[in-house]
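Colleague:
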Amino acid sequence: MIESWTRELVTQRLLATTLLVILFILCFQVIQFFIVPALWAAILAYVTFPVYTFFHKKVRLSPSFSAGLMTVAISLMIGVPLVIGLFILQQEALSVYGTLLRRLKAGYVDMPQAIKDMPVIGQQIKDILWEINKNPEASLAAFKAWLQSHLYYGKIALDVALSSLAKLGMALMTLFFFYRDGVSLVKQIRQALRNIIGNRIDGYIYSVGMTTQAVVYGIGLTALAQALLAGIGYYFAGAPSPILFTLVTFVVALIPFGTPFAWGGVSVWLLSQGHTTEGIGLALWGVFVISWVDNLIRPIVISGATKIPFIIIFIGVLGGLTAFGFVGLFIGPVVLAIGLAVWREWIAQHRNQIFAPRFIQLKDHQWVPVHNGLVKPLAKTTDLDDTID
Numbered sequence: 216m217i218e219s220w221t222r223e224l225v226t227q228r229l230l231a232t233t234l235l236v237i238l239f240i241l242c243f244q245v246i247q248f249f250i251v252p253a254l255w256a257a258i259l260a261y262v263t264f265p266v267y268t269f270f271h272k273k274v275r276l277s278p279s280f281s282a283g284l285m286t287v288a289i290s291l292m293i294g295v296p297l298v299i300g301l302f303i304l305q306q307e308a309l310s311v312y313g314t315l316l317r318r319l320k321a322g323y324v325d326m327p328q329a330i331k332d333m334p335v336i337g338q339q340i341k342d343i344l345w346e347i348n349k350n351p352e353a354s355l356a357a358f359k360a361w362l363q364s365h366l367y368y369g370k371i372a373l374d375v376a377l378s379s380l381a382k383l384g385m386a387l388m389t390l391f392f393f394y395r396d397g398v399s400l401v402k403q404i405r406q407a408l409r410n411i412i413g414n415r416i417d418g419y420i421y422s423v424g425m426t427t428q429a430v431v432y433g434i435g436l437t438a439l440a441q442a443l444l445a446g447i448g449y450y451f452a453g454a455p456s457p458i459l460f461t462l463v464t465f466v467v468a469l470i471p472f473g474t475p476f477a478w479g480g481v482s483v484w485l486l487s488q489g490h491t492t493e494g495i496g497l498a499l500w501g502v503f504v505i506s507w508v509d510n511l512i513r514p515i516v517i518s519g520a521t522k523i524p525f526i527i528i529f530i531g532v533l534g535g536l537t538a539f540g541f542v543g544l545f546i547g548p549v550v551l552a553i554g555l556a557v558w559r560e561w562i563a564q565h566r567n568q569i570f571a572p573r574f575i576q577l578k579d580h581q582w583v584p585v586h587n588g589l590v591k592p593l594a595k596t597t598d599l600d601d602t603i604d
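FYI, the numbering for the sequence shown is 216 to 604, going by my numbering.
(1) Suppose you measure from the CA of V401 to the CA of Q305; what does that come to, to the nearest Å?
(2) DSSP on M216, reduced to helix/strand/coil?
(3) Spatial neighbours of F460 within its chain, please: C-beta separation below 8 Å, excluding the five flanking residues on both sides.
(4) At which residues does the alpha helix (DSSP H) containing R317 begin and terminate?
(5) Give every residue of the same chain whose Cβ lies closer than 8 Å to the Cβ of L373, excluding the five residues on either side of it in the sequence, and list them in chain order.
(6) So, helix, strand or coil for R222, using DSSP?
(7) Which of the three DSSP states, helix, strand or coil, is assigned to K595?
(8) Nearest-angstrom Cα distance between P302 and S378?
(9) Assign I603 to one of three DSSP states: helix, strand, or coil.
(10) Suppose you measure from the CA of N350 to the CA of I340; what does that come to, to the nearest Å?
(11) Looking at C-alpha atoms only, which residue of L439, A498, L254 is the closest neighbour of W484?
(12) Could you give the DSSP three-state label for F472: helix, strand or coil?
(13) What does the alpha-carbon distance come out to for the pair P265 and G424?
(14) Would the C-beta of R415 count as close to the ligand FMN, meaning under 8 Å from any of its heavy atoms?
(15) At the level of alpha carbons, what is the spacing between L224 and A538?
(16) Jot down the residue ranges of each uninterrupted beta strand (DSSP E) in the segment 382 to 457, minimum 3 residues, whole runs only, in chain order.
(17) I want to know whether the segment 408 to 420 touches the segment 279 to 289 - three or more CB-CB distances under 8 Å.
(18) Within its chain, find whatever has a CB closer than 6 Å to the CB of A357; leave out the 5 residues flanking it on each side and keep chain order.
(19) Check whether chain D comes within 9 Å of T226, counting only Cβ atoms and requiring the distance to be less than that.
(20) Sort N348, M333, G534 by Cα distance to F545 and report the nearest one.
(21) Hey, which unbroken runs of the beta strand (DSSP E) at 3 residues or more fall wholly within the segment 478 to 516?
(22) First and last residue of the alpha helix (DSSP H) that includes P530?
(23) By DSSP, does D325 sit in helix, in strand, or in coil?
(24) If you compare alpha carbons, which of K370, F248, G300, I237 is closest to S456?
(25) In the DSSP assignment, find the alpha helix (DSSP H) that holds D332 and state where it starts and stops.
(26) Measuring CB atoms only, is the segment 378 to 398 touching the segment 246 to 260, in the sense that at least three cross pairs come out at less than 8 Å?
(27) Alpha helix (DSSP H) containing Q564: first to last residue?
(28) Going along the chain, which residues of its own chain have a beta-carbon closer than 8 Å to the beta-carbon of L319, five neighbours each way excluded?
(29) Find out if the Cβ-Cβ distance for the pair Y394, S281 is shorter than 9 Å.
(30) Considering only C-alpha positions, which residue in the set W558, L555, I528 is nearest to G547?
(31) Nearest CA to the CA of L486: which residue from A452, F503, I343?
(32) Under 8 Å Cβ to Cβ from E560, same chain only, skipping five residues before and after it: list those, please.
(33) Within a Cβ cutoff of 6 Å, which residues of the same chain sit near A256, ignoring the five residues on either side of it in sequence?
(34) Helix, strand or coil for R228? Go by DSSP, reduced to three states.
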């Protein structure tokens, strides 16, 4: 009787577990596309939630109206620069394409003299330019054939762009519900995790919140400050489309050590066009002004707020970027922050065992071993050297 009951119970548990695993896999397949947008929405909602609270509690607007107001504001903050950047990028691409076609037809494709005089590759560049310009019609036909053969990559880029726009739309739509129902959702998640892990989950959630806030503010403020300073440099250096390059710099600056590639590329382009003074000036502005912002703001904001070593945050940012893509900039540091919180809690719980002395000195050069915090009795005390031996 007991054996039959036990088999039945085991069968029920296995069946229930199997069904739960299947349900989890099916749910993951359904929401897989929306995971990254939901993460972006959660990060944006958490960072800007105090503003939503102000409209809801102070101004006394309804939750839905406050959430809608915040969603529209965030959409405009993201959408307007994005549309402007895409429009300028389109204009610049058409301008470059038209200029290149005109020069190919005229047989006048040239490079600055400083590049043609470069050692090793200078002569090769001259030879390539001579081959292009000696037969303009053949060069134009080869260029058009090359474009035709690479249209597939343009389709891939278009698909990626459309997919990114769809994810952005999903993130903004999800953002509304995170504002309106975020408090209730966080309470449910906290209770579910408390049922699994216990009350210690409160400390982990606190670490996640502080790290997320600090990383977003640290990375965001650093990127914004560097982009604005770089934009000033682009304007005074006479770089083309300084607004577009400023937006590109902001995106690149989100990645650690990425900003020099932005202003450095513009500086090299200015030098290649013969604007030596402007190119050198922009490079000096980037080295002594723009780059120092990263060294000041990011460590102070992130490490100062989280009490986490900056090297941990730095590894988390780069590792998260490699593992999860762009959203990993924020997921990576949060994961390492949780791991560090678990480590510190474990060390605190076992501090007496880990840091307890193994020997106690009774007299000069006489030591007695310690076992579980108590002096272990010996027939005679031994010298330290003898004990070590």
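Think of the CB as a built atom: it goes at the ideal place given N, C-alpha and C, for glycine as much as any other residue.
If you're wondering where the values come from, they're calculated on a predicted model, not measured in any experiment.
Modeller: Well, looking at it:
(1) 42 Å
(2) Its pLDDT being 42, under 50, M216 is placed unreliably by the model, and nothing is read from it.
(3) A445, G446, Y449, A454, A477, V481
(4) 278 to 321
(5) none
(6) helix
(7) Per-residue confidence for K595 stands at a pLDDT of 48, beneath the threshold of 50, marking its modelled position as unreliable; the derived number appears in the next sentence. K595: coil per DSSP, three-state reduction.
(8) The question names Pro, but residue 302 is Phe in the sequence shown. Computed Cα separation, rounded: 19 Å.
(9) In this predicted model, I603 has a pLDDT of only 42, less than 50, meaning its place in the structure is not dependable; the value taken from the coordinates is given anyway. Three-state DSSP puts I603 in a helix.
(10) 17 Å
(11) A498
(12) coil
(13) 13 Å
(14) This structure does not include the ligand FMN; it has no bound ligands of any sort.
(15) 41 Å
(16) none
(17) no
(18) none
(19) The structure shown contains no chain D; it holds only a single protein chain.
(20) G534
(21) none
(22) According to the sequence provided, residue 530 is Ile. The question's Pro does not apply to it. Residues 525 to 539.
(23) coil
(24) G300
(25) Here D332 belongs to no alpha helix (DSSP H), and DSSP marks it neither H nor E.
(26) yes
(27) 543 to 564
(28) I347, P351, S354, L355, F358
(29) yes
(30) I528
(31) A452
(32) R415, G418
(33) A386, T389, L390, F393
(34) helix
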